[in-house]
Amino acid sequence: MVVNASDPDGEEVPEPGEDRTDPSTRLEGWRRFVEEDPAVFDLLPERQWQALSPPMRDAYDEARIAYHSELQVVRTSTVKDIAHQGRLLTLLNQREHGARRGLIVSGEWTTGKTTALKQLGRLHELRVRQRYPGSDRIPVVYITAPPKGSPRKLAMEFARFLGLPVIGPRHNTIDVTSAVCQVLIEARTDLVLVDEIHLLNHATIAGEDLSDHLKYFTEHLPATFVYAGINVEQSGLFTGIRGKQLAGRCVLVRTGPFPLNAEWRSLIASMESTLRLHRHEPTTLVTMAKYLHHRTGGMIGSLSHLVRAAAISAILDQSERITRATIKHIRIDHSSESSGHGRPSYLPRTG
Numbered sequence: 001m002v003v004n005a006s007d008p009d010g011e012e013v014p015e016p017g018e019d020r021t022d023p024s025t026r027l028e029g030w031r032r033f034v035e036e037d038p039a040v041f042d043l044l045p046e047r048q049w050q051a052l053s054p055p056m057r058d059a060y061d062e063a064r065i066a067y068h069s070e071l072q073v074v075r076t077s078t079v080k081d082i083a084h085q086g087r088l089l090t091l092l093n094q095r096e097h098g099a100r101r102g103l104i105v106s107g108e109w110t111t112g113k114t115t116a117l118k119q120l121g122r123l124h125e126l127r128v129r130q131r132y133p134g135s136d137r138i139p140v141v142y143i144t145a146p147p148k149g150s151p152r153k154l155a156m157e158f159a160r161f162l163g164l165p166v167i168g169p170r171h172n173t174i175d176v177t178s179a180v181c182q183v184l185i186e187a188r189t190d191l192v193l194v195d196e197i198h199l200l201n202h203a204t205i206a207g208e209d210l211s212d213h214l215k216y217f218t219e220h221l222p223a224t225f226v227y228a229g230i231n232v233e234q235s236g237l238f239t240g241i242r243g244k245q246l247a248g249r250c251v252l253v254r255t256g257p258f259p260l261n262a263e264w265r266s267l268i269a270s271m272e273s274t275l276r277l278h279r280h281e282p283t284t285l286v287t288m289a290k291y292l293h294h295r296t297g298g299m300i301g302s303l304s305h306l307v308r309a310a311a312i313s314a315i316l317d318q319s320e321r322i323t324r325a326t327i328k329h330i331r332i333d334h335s336s337e338s339s340g341h342g343r344p345s346y347l348p349r350t351g
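Residue numbers (UniProt numbering): 1 to 351.
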């Protein structure tokens, strides 16, 4: 996507947020996610920028704010590892007729689990499209585990992704499940992504029922299942016979905070290279690597929020640069702030 707020032909500039799309948990939304190119924005030359009229300056700034609001995906070692493990499993499962191996991505909040999961799916679908151009296949399904889930709710998540008209009250769970499996088999689906899997707790009756139904899908679909959830080892996912069976069939990859090392500095440099500010000094953020690590606890999600919020703040206050003073006044997630890492300088310490 190319963002350009200064169209010489005077075409109307879309309002921020006007380009709304279906969520990735729907087939059309997923396809848009797969096909969407990274946002691109070219800064105007100094003289042209200074010459903008107030209305055009506002439009230009709004376009930059929209650009910075997007999460720029950084190919971290974790993302690469999950993509590699996922591809290995899909290849190993191609000729498997028994129990197929799966993958579980587990970690703390804001450690990039969902990003890595979706990038795995995106890369897989792009490879399938390249191999079978013009095909009507649905190589990837992406859903989230339903809260307080039941077998019917899980089946309906699959049905909603596919857009199947089988979610009325007259259709029971078996009807919906059978329709879903038939469509996915015909569509040659070979990768199923299930996010928020920590909502499935084998220590509860509802969790057991949901797990049994999920197992039904894994046994009736010739697909590799990849799950992601928050600290699933402590969530009850591996509890009981069902949990042990799942643990015996899945590879576990953990995500976590990044240590203060060369990769952390590289992540900051990658994010800094995407900034589109007129007065920002290159490598400013890289020189603050230690401070940024302290603020975020090494969490990639918190770092991304901090940098993007600081960039938008620099546009709004017209400073056009990110400094340590700017960063200090950006609030981040409560988890980081309450742990003492992300506490802004103006917030008093208690206790």
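Backbone N, C-alpha and C fix where the C-beta goes; we use that ideal spot for every residue, glycine too.
| Query | Result |
| --- | --- |
| With a threshold of 16 other CB atoms inside 10 Å of the CB of GLN182, please say whether the residue is buried or exposed. | exposed |
| Which first and last residues belong to the beta strand (DSSP E) in which ALA228 is found? | 224–230 |
| Roughly how far, in whole angstroms, is the beta-carbon of THR314 from the beta-carbon of ILE322, given that I think they are within contact range, below 8 Å? | The amino acid at residue 314 is misidentified as Thr; the sequence shows Ala. Rounded, the Cβ-Cβ distance is 6 Å, consistent with contact. |
| Short check: CB of GLY257 to CB of MET288, under 7 Å? | The sequence shown places Pro at residue 257, rather than the Gly named in the question. Cβ distance not < 7 Å, so PRO257 and MET288 don't count as in contact. |
| Which of the three DSSP states is assigned to TYR142 in this structure? | strand |
| Take ASN231 and list the residues in its own chain whose beta-carbon comes closer than 8 Å to its own, dropping the five residues that flank it on each side. | SER106, GLY107, GLU108 and HIS198 |
| Given PRO165, which residues of its chain have a CB within under 8 Å of its CB, disregarding the five upstream and five downstream residues? | none |
| With respect to the alpha helix (DSSP H) encompassing LEU126, which residues constitute its N-terminal and C-terminal limits? | 113–131 |
| Could you pull out every residue in the same chain whose Cβ sits closer than 6 Å to the Cβ of ARG308, ignoring the five residues on either side in sequence? | HIS68 |
| Whose C-beta lies closer than 8 Å to the C-beta of ALA310 among residues of the same chain, with five residues either side of it excluded? | ILE322, THR326, ILE327 and ILE330 |
| So, helix, strand or coil for LEU52, using DSSP? | coil |
| Could you check which residue in ALA99, GLU70 and VAL74 has the C-alpha nearest to that of ARG265? | VAL74 |
| Using the beta-carbon count (16 or more within 10 Å), is ASP190 buried or exposed? | buried |
| Check ASP195 in the structure and name its three-state DSSP category. | strand |
| Return yes when at least one heavy atom of the ligand PLP lies under 6 Å from the C-beta of VAL176, else no. | The model depicted lacks the ligand PLP and carries no ligand whatsoever. |
| Using DSSP with H/G/I as helix, E/B as strand and the rest coil, what is residue 353? | Coverage of the chain is limited to positions 1 through 351, which leaves residue 353 absent and any answer about it impossible. |
| LEU162: which of HIS278, ILE143 and ILE65 sits nearest, CA to CA? | ILE143 |
| Could you say if the region 24–31 and the region 148–163 meet the contact criterion of at least three C-beta pairs nearer than 8 Å? | yes |
| Output needed for LEU126: all residues of its chain with C-beta closer than 8 Å, excluding positions within five of it in sequence on either side, in chain order. | VAL34 |
| Using the three-state DSSP reduction, which class does VAL74 fall into: helix, strand or coil? | coil |
| Residues bridged to LEU252 by DSSP? | ILE104 |
| Can you give me the Cβ contacts of ARG220 inside the same chain, cut-off strictly under 6 Å, excluding the 5 residues immediately before and after it? | At residue 220 the sequence reads His, which differs from the Arg that was named. Excluding sequence neighbours, HIS220 sits near CYS181. |
| Report yes if the C-beta distance between ALA187 and ILE138 is below 7 Å; otherwise report no. | yes |
| Can you grab the Cα-Cα spacing for the pair LYS80 / LEU123, in whole Å? | 11 Å |
| Consult DSSP for PRO151 and reduce its assignment to one of helix, strand or coil. | helix |
| For ASP175, collect the residues of the same chain with a Cβ closer than 6 Å to its Cβ; drop the 5 residues on either side in sequence, then sort them by chain order. | none |
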